[in-house]
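Residue numbering for the sequence shown follows numbering that gives the first Met the number 0, starting at 0 and increasing by one per position.
Remarks on the structure that follows.
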Amino acid sequence: MDFFEWNTNVFRMINDLGKQYDYLNPSAIFIAEYMVFFLALAVMLIWFTRNQQSRMMVVCGMITFVIAEMLGKMAGRLHSNNQPFAELDNVHKLIEKAVDNSFPSDHTILFFSFCVSFWLFKRGWWLLWIMLAFLVGISRIWVGVHFPADVLAGAILSAISGLMVYLVIPKISLVHTILAGYERYEQMVLSPLTKSKEKKSKDF
0 MDFFEWNTNV FRMINDLGKQ YDYLNPSAIF IAEYMVFFLA LAVMLIWFTR NQQSRMMVVC
60 GMITFVIAEM LGKMAGRLHS NNQPFAELDN VHKLIEKAVD NSFPSDHTIL FFSFCVSFWL
120 FKRGWWLLWI MLAFLVGISR IWVGVHFPAD VLAGAILSAI SGLMVYLVIP KISLVHTILA
180 GYERYEQMVL SPLTKSKEKK SKDF
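Listed below in structure tokens is the structure:
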């Protein structure tokens, strides 16, 4: 079995599940399309815990995404394929998507970049983030907009980038200096608001 045949067969196996278990399609669509908003909200909440390690984790996630996305663009120049619904017949397509190069999956790169970073910093039950990233990748196949190879390539690029960033970025003193400067600026901005709230509470 060659690579193209494997890629197509695995795609059919996952995509056809939407025909057999159509009651799961709304969940697959939600994960594929809207879970990105949940990730954005989670990143903001983690950032505003104002915990130094958590903020370094978010910074590493962002840097990982930039690096993995750049590597993804390079990979896309070496190999390209359109979405499955544009290349194959009888694809169970559940969401609208423009036809372009779908290799590698940008959604997978985004989720794995942050989720791998979250796990590397926190470990333990944070492995659930990796599971969420896998769900997003599978959902993109389920709804018919990516081949398994698109998802696999995005996951590998993000995992490698995430590990490199985790091992290097936290050791760079300039990154700590920039974070400390931001925190001083944040404190300067929030301090008047805190004092105002304290004054109002005393007045009551």
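Note that beta-carbon positions come from the ideal geometry of N, C-alpha and C, so glycine has one too.
C-alpha of Leu119 to C-alpha of Cys59: approximately 10 Å in a straight line. Contact annotation, Ile108 with Val144: C-beta distance approximately 14 Å; criterion of less than 8 Å not satisfied. Within its own chain, the residues whose Cβ lies closer than 8 Å to the Cβ of Glu86, once the five positions on either side in sequence are excluded, are Asn80, listed in chain order.
Counting along the chain, the unbroken alpha helix (DSSP H) around Glu4 starts and ends at Phe2 to Asn14. Bounds of the alpha helix (DSSP H) holding Lys72 are Gln51 to Leu77. The segment 5–12 makes no contact with the segment 118–137: fewer than 3 CB pairs, one atom from each, lie closer than 8 Å. Under the DSSP assignment, Gly153 falls in the alpha helix (DSSP H) whose first and last residues are Pro147 to Val167.
By the neighbour-count criterion, in which a residue is buried when 16 or more other Cβ atoms sit within 10 angstroms of its Cβ, Phe64 is buried.
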